[in-house]
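A.B. asks:
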Amino acid sequence: MSDGPPRRRRAPNKMNRPTNTMRLAMGDGFAPAAQRDARPSDARRVASKLRLLLGAFGVGVLVTAASAAIVGDLAAGMTDHATPPDVVASRPAGPSAAEIGAQLREALLREADQPVKANWSPMLRYLADLHARSILPARAHLPYPYQTMGPGYQDGTVFGHIDLTHERLDTVRALPQHVRNQIYNELAGQQPDGLIPGIVLFKPGDIASWKTFKGFPPIWVIAVDAYVEETGDTPVLRKCRDALIRQIGWFERQRAVAGGGFFYIDQREGTWESGIDEGVRYDERLTTPAAAVDASAHVFMLYEHAANWSRALGQPAREWEQKARALQDFIRRELWDPQTGFFYDAWTVREPARRRLAFEGMWPVVVGAATAEQARRVIDEHLLNPREFFTPHPIATVARSDAKFELRMWRGPAWNSMTYWAARGCARYGRGDAAHRILEAALDGTATQFERTGTIWEFHHPERGDEESLRRKPTRNLPCRDYVGHNPLFAMADLWRRTMPAPAPLGRVDHPRRGVEEPVFADAGGGGDAALGGCDESTATPGPHEAVAVATSRRRRAPDPARKRKSAPRKKGAAPQPAPAGRPEITWSLMHPVKPDPAYMKDVIAAAAAYQVDSFEICGDVHCNGNLDGAIRFRDYPTVADTIDARKVEENIRVLREIVALAHASGRPVYYWHREVMVPRAVVEKLPGLLDENGEFNLLGEAYHALVRSKIREFFDHVPDLDGLVLTLTESDYSVIHNSDPERYPPAQVVQRILETFAAELHVRGKRLVLRSFGSIAQDYEDILAGAAAARTTVPFEIETKITPYDFSPFLPTNPYLRRTEQCTLGAEYDSIGEFLGAGYLPAPDPARVLQTVAYARQQGVNRHVIRVDRIGHAAFRSTQAINLFAFERAIRDPAATADDVWRDWAWTHWAGCPDEMIAVMKRGIEMVKRTHFIDGNVIFHAFPIPPDWKWIKAGGILSTFSPARSLAVHPNMWGILPDRTTPSRAALLREKDEAVELAAAGLQAVDALRDRLSPEEYQTAHAAWQRAVVVTRTIRAWCRCIAAYFDDLEQGGRGQPSLGAALAAANAELAPFLPASGATIAPDLAGAHEYGQEGPAEDSIEAAYLSPIGALLRQLSSEYEAEQAERAAWQGRPGLVDFVVAGGFLDDIRVDRPMHASHAHLLAGRPVRVVGNRVFPNGAIEVRLRAPAHRPARLIITGNPAAAGQFKLTVQGVTQTAVFPAAGEYGWDLPATPSDAGAALSVPEGRNEATREIVVRIQKSGLEYPALHGIGIVAC
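Set out below in structure tokens:
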């Protein structure tokens, strides 16, 4: 992708030449002095014309009778501006300056209580008071009380300049409305020519005075982002965008260099427009303009903000995008010196003898205009270099090694504001470690000086010497005391917290660990200076633009302005509030399904700081030792308490308390997952009354509900600060809604009763209740929602529903059961990592799917968006799926956002050197994974990481897809199977797997070709994911080839397995290089596990997740084949055989209708067997359709293992009876010779001469045990 067209030079014609009068009005810094000393009459004429434009300039633009003086007093510098009476009269009512100061002080004191180093707290508390003392009443043209640069600067009444932006970034978390008012105050002085005043002085008579020809660094846009991101107050962008575009016009007219770039007039005269008074770069004056590194970077920042804000408001953005790219290319090419690895001004970059190593060379890194490699060199070779900028109190404004370094003003001393910008630049490019070091050293140094002197200084001794030894200017030769404007210490402490070093990602064996992952913020105060093509980028939303978060090991996109809500520190005892009123709550759902981990929680909180995240859900190891049960000792049941591992319980309690404390410290509530019925088996065995005579829970009995109440009470006694529970009523140890006797336990009534019990207990504790209406079949949703609607609770609760029915397959439609229920709020649950897409092992970003599902959720009126951000320890923000988090942010905040918007903005931020190429590569990822983990859209592996047991493969119906040209309507209750499809041919199936292999190889090759154009972190993340994809696609293709050969051989009916044997040999040869040398299977410890039971592999690698279990499955395949072939041969040898099904075999999977998970199949004593039902699905059933003779008697034969269950419920053609297995394990029942059975269609099967009718056979359990079936068939009598 091109970075945009080069800047066009203006044609040398009169239309493009500013007139002398225009120069006077606009303030051309390089106009001849004689022209700049204009006569008042000239100024009045210009002002008269400009006054006509008043209506076009929005709030606060002031063109008054005093405008005649705007032009005429340039030589004297400052121009006075009288305030018309109507400006004073129109000031909005609101708190007084004193009241605002008091509010600000209180809010900042709360923020000072956030975790920081102990010696920083007194300094921060003092700064809170200085902020409060800096608030003065509105005056002159300012509509609101305003904030000065601090009590210690001049007369303490000066307004504006870059100081104001630092103050706003410092206070935006504490009192955002104050920041908004200061934005309006600053823009109120914008001139009709677009210039925004820098320093504003005030004189008696409500007179404001500023230099009408002198700009200043336009970093105010970052404060706008910070405010909007903090509050979601998007309308402010409209006013700000207009002002921004006018300011851009001023820069383009007055500060553009003909050959490219922009300048400040410090080049010509000492007006210090750059804000760097007496800076070393301007010791020599220029006669013609030349591009300055800081000015060019600042205008780049304006361009990309104009693009972002335009997109956010639905306005054309391409002009600004093109200008940003052109200027970015100029900065990277013309202002960069590859020898020293630093940015310089155009007039010195190619002249080593003239150039100075001044801190302004960092600005392209701060705004994101640098390439990743340029940023790395600036950070590592300069900002972190103790011989240059990384002084004991960083950063020095001139490198220690530079001959111009001295302890005066901007010629060496450290200014905390610039230290803060340096840290932001580091963080923006994924160097949270560098940002953290720089900030900590500066805050330590400032705190030390505060402890020694009792004040906060304007600038600081870089060697941590005495500030009194520094020099400023002859007129005031000491740094100011009590200076606020250049000390954004709260913002620095906030970024310091958010770049706290975190543990490395969970290990993987196929690539090295990628190091510490830190959140990065395009704006540390909550805002975002974006970079259209740098390593950080803002994007559009219905309001402000989006800041981008990047990480050291994984650059992650940080969200949009409406998104980021950062709570002020919580008072002790105060519950965190989930979200501001008026917008949906956004929750990150964590730790699926792994043990809760405080260290990982810190990582998550650090990552969440860059996004709009209002609350957390903790899944935990819900299938093993999690839930309420993992943190209680069953104190009300002494006979049970002795069986509980007290040490494990104590550890679980400690961990949960720590996680809750961490979440609360970040200002967010946390909700914990719990499933019912989930209890240790010892409890079931020792407590009478829990089970009924059929071995199922007595769900309406008092014994069960007393147990539930006891568990809730004990749990919250142990973890009292937890904010609520997320309740799931499916996939648990024991069934709630799948009982075999629905008349005794009506599912909706059971749900209602359980909800009422939970709601009553949580209500008295002030805790939140969320019900997940998750189910494996459609009836689950119907029953759960009916029970929720009937529940009589004292407070509303929420129903949280997956965005797609049953689970997160990209081939499933949106969930029709995501709908409102009376008295309940509604939450939508999403998946960002790809549970069925490789869970972070493979590249599977899918922004289009994200936008589609969020749009549906919005249409359904959801109150809460719940985003799963991890799976088996893999976090989306550490993977190629990080863009999905970005997409969720965009989609939730901006209904108009498109997938192309998301891809483009992400690419400009993360793949600046090759955005189009990387978009093309990464878009292939989801297509590759769909062809890998699915067969024609049907889920292959429901359990993941893949268990090394065919039970789980046979559970999901995927073997049916190997039977060609068959309707999948036989599996209406298999959520992973698409019942509206017909199975492909085996050739088509294998061709799909070939395509996956080709896509993976092409993806890896493409990423490797882009290595030099990507940052090391981005390359490593993408390369590792595609490298894994190459191995995984080949592994699954080999697996599918073997199963296809299995079917080929079995269908041919001969003895042996020629095709299968060859396929297994080929698979072994292909996969041997990737498999562990021992060939051993790496499997999780399933002791005490739940029916679905696994936490993930013991080792986090593709060997453990894919290769080893698939290798184990392939090694078992011959045994499966031999068992099934023998079973089929036994049936085929029966006299009079008409039709049969091997219930637990591969070939007849297409003929056995059963709900997902309800009837598992495996080998038992060398024979295929399918067990009908289990304790999670006691009502599990199988249904088969067999052909019987149309006009003569026949016998139904069912073979099974009587030791598993002696009896079962049999339904034939709608007639139900209890059947009993004889000792031999073969049950028979004579079918009447009635060709007119209800619903029985007569047909003549191919190859037969006799008409047949269809017999529907349904089998369920009857009693305690679950029947184990080998086969079902019909023989003619």
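Just so you know, my numbering puts the end of the sequence shown at 1335, numbered straight through with nothing missing. Ideal Cβ positions, reconstructed from N, Cα and C, are used throughout, including at glycine.
Would you call S475 buried or exposed, if buried means 16 or more other Cβ atoms sit within 10 Å of its Cβ?
C.D. replies: So S475 ends up on the buried side.
A.B. asks: What first and last residue would you give for the beta strand (DSSP E) that runs through K860?
C.D. replies: Looking at the DSSP string, the run of the beta strand (DSSP E) that includes K860 is 855-860.
A.B. asks: Can you round the beta-carbon distance between I1255 and G1331 to whole angstroms, since I take them to be within the 8 Å contact cut?
C.D. replies: Rounded, the Cβ-Cβ distance is 5 Å, consistent with contact.
A.B. asks: Do G983 and A1083 have their CB atoms nearer than 9 Å?
C.D. replies: Cβ distance < 9 Å, so G983 and A1083 count as in contact.
A.B. asks: Just to confirm, are P727 and S673 a CB contact at a threshold of 9 Å?
C.D. replies: Closer than 9 Å, so yes.
A.B. asks: What three-state label does DSSP hand A1334 in the structure shown?
C.D. replies: If DSSP states are grouped into helix, strand and coil, A1334 belongs with the strands.
A.B. asks: Go through its chain and collect everything with a Cβ distance to E643's Cβ below 7 Å, but skip five positions before and after it.
C.D. replies: Hits under 7 Å: P636, A637, D672, S673, N921, R922.
A.B. asks: Along the beta strand (DSSP E) that carries C882, what are the first and last residues, could you check?
C.D. replies: That run of the beta strand (DSSP E) goes 882-889.
A.B. asks: Helix, strand or coil: how does DSSP classify R1099 here?
C.D. replies: In the structure shown, R1099 sits in a helix (DSSP, three-state: H, G or I).
A.B. asks: Helix, strand or coil for T967 per DSSP?
C.D. replies: DSSP places T967 in helix when its eight states are reduced to three.
A.B. asks: As an exercise, report each continuous alpha helix (DSSP H) stretch of at least 4 residues that is fully enclosed by the region 973-1035, in chain order.
C.D. replies: Whole alpha helix (DSSP H) segments, 4+ residues: 973-991, 1008-1013.
A.B. asks: Excluding the five sequence neighbours on either side, which residues of its own chain have a C-beta within less than 6 Å of the C-beta of T141, listed in chain order?
C.D. replies: Within the same chain, T141 has close Cβ partners A198, H199, D264.
A.B. asks: Between the C-alpha atoms of A915 and V698, what's the straight-line distance to the nearest angstrom?
C.D. replies: Spanning the two alpha carbons is a distance of roughly 44 Å.
A.B. asks: Could you spell out the range, first to last residue, of the beta strand (DSSP E) harbouring D799?
C.D. replies: No beta strand (DSSP E) holds D799; DSSP gives it neither H nor E.
A.B. asks: Going straight from the alpha carbon of D750 to that of E801, what length do you get?
C.D. replies: Spanning the two alpha carbons is a distance of roughly 14 Å.
A.B. asks: Below 8 Å, can you find three or more Cβ-Cβ pairs linking the region 861-868 to the region 830-839?
C.D. replies: With a cut-off of 8 Å, the region 830-839 and the region 861-868 count as touching, because enough Cβ pairs lie within range.
A.B. asks: Could you round the C-beta distance between Y478 and G208 to whole angstroms and report it? I think they count as a contact, below 8 Å.
C.D. replies: With a Cβ gap of about 16 Å, Y478 and G208 do not count as contacting.
A.B. asks: Identify, in the order they occur along the chain, each residue of the same chain with its Cβ nearer than 8 Å to the Cβ of S267, setting aside the five sequence neighbours on each side.
C.D. replies: Result list for S267: M136, T137, D138, H139, V258, L259, F260, K261, in chain order.
A.B. asks: Write down the C-beta distance between L245 and V279 rounded to the nearest angstrom, noting that I regard them as a contact closer than 8 Å.
C.D. replies: Not a contact, Cβ separation roughly 11 Å.
A.B. asks: Could you tell me the boundaries of the beta strand (DSSP E) in which G319 lies?
C.D. replies: Here G319 belongs to no beta strand (DSSP E), and DSSP marks it neither H nor E.
A.B. asks: Please determine, among A817, A1248, K1009, P1037, the residue with the shortest C-alpha to C-alpha distance to P1167.
C.D. replies: The shortest C-alpha separation from P1167 is found at K1009.
A.B. asks: For a quick check, are the C-beta atoms of A349 and E392 less than 9 Å apart?
C.D. replies: Yes, they are a contact pair.
A.B. asks: In whole angstroms, what is the alpha-carbon distance linking K462 and V338?
C.D. replies: In a straight line, the C-alpha of K462 is about 7 Å away from that of V338.
A.B. asks: Go ahead and pull the three-state DSSP assignment for Q1275.
C.D. replies: Reduced to three states, the DSSP call for Q1275 is strand.
A.B. asks: Using a Cβ-based criterion (distance less than 8 Å to any ligand heavy atom), does L1026 qualify as near the ligand NAP?
C.D. replies: In terms of ligand content, the structure shown is empty, and the ligand NAP therefore cannot be addressed.
A.B. asks: I need the DSSP call for S354, collapsed to helix, strand or coil.
C.D. replies: Three-state DSSP puts S354 in a helix.
A.B. asks: Verify whether the separation of the beta carbon atoms of P1074 and R434 is less than 9 Å.
C.D. replies: A contact, by the Cβ cut-off of 9 Å.
A.B. asks: Between P654 and V713, which are expected to be in contact by the criterion C-beta below 8 Å, what is the C-beta distance as a whole number of angstroms?
C.D. replies: Indeed they touch by this definition, with Cβ atoms about 5 Å apart.
A.B. asks: Please list, in chain order, all residues of the same chain as T1019 whose beta carbon is under 6 Å from its beta carbon, the five residues on each side excluded.
C.D. replies: Contacts found: I993, N996, T1041.
A.B. asks: When the Cα atoms are used, what is the spatial distance from A382 to W367?
C.D. replies: The straight-line gap from Cα to Cα measures roughly 14 Å.
A.B. asks: Going by DSSP, what residue range makes up the alpha helix (DSSP H) through H25?
C.D. replies: Because the chain spans 59 through 1335 in this model, residue 25 falls outside it and cannot be assessed.
A.B. asks: Extract the residue ranges of the alpha helix (DSSP H) inside the region 916-963, only unbroken runs of 4 or more that lie entirely within it.
C.D. replies: Those alpha helix (DSSP H) runs which fall completely within the region 916-963 and span 4+ residues are 940-951.
A.B. asks: Below 8 Å on the Cβ atoms is my contact criterion, and I expect V1200 with E1180 to pass it. Report the Cβ-Cβ distance as a whole number of Å.
C.D. replies: In fact, because the Cβ distance is near 13 Å, the residues do not count as touching under 8 Å.
A.B. asks: If we require 3 or more residues per run, which beta strand (DSSP E) segments fall completely within the region 356-390?
C.D. replies: DSSP runs (the beta strand (DSSP E)) wholly in the region 356-390: none.
A.B. asks: Compute the beta-carbon to beta-carbon distance between G885 and I857, rounded to the nearest angstrom, for a pair I have assumed lies under 8 Å.
C.D. replies: Rounded, the Cβ-Cβ distance is 7 Å, consistent with contact.
A.B. asks: Pick out whichever of L1072, T852, L441 has its Cα sitting closest to the Cα of F400.
C.D. replies: Selected option, being the one with the closest Cα: L441.
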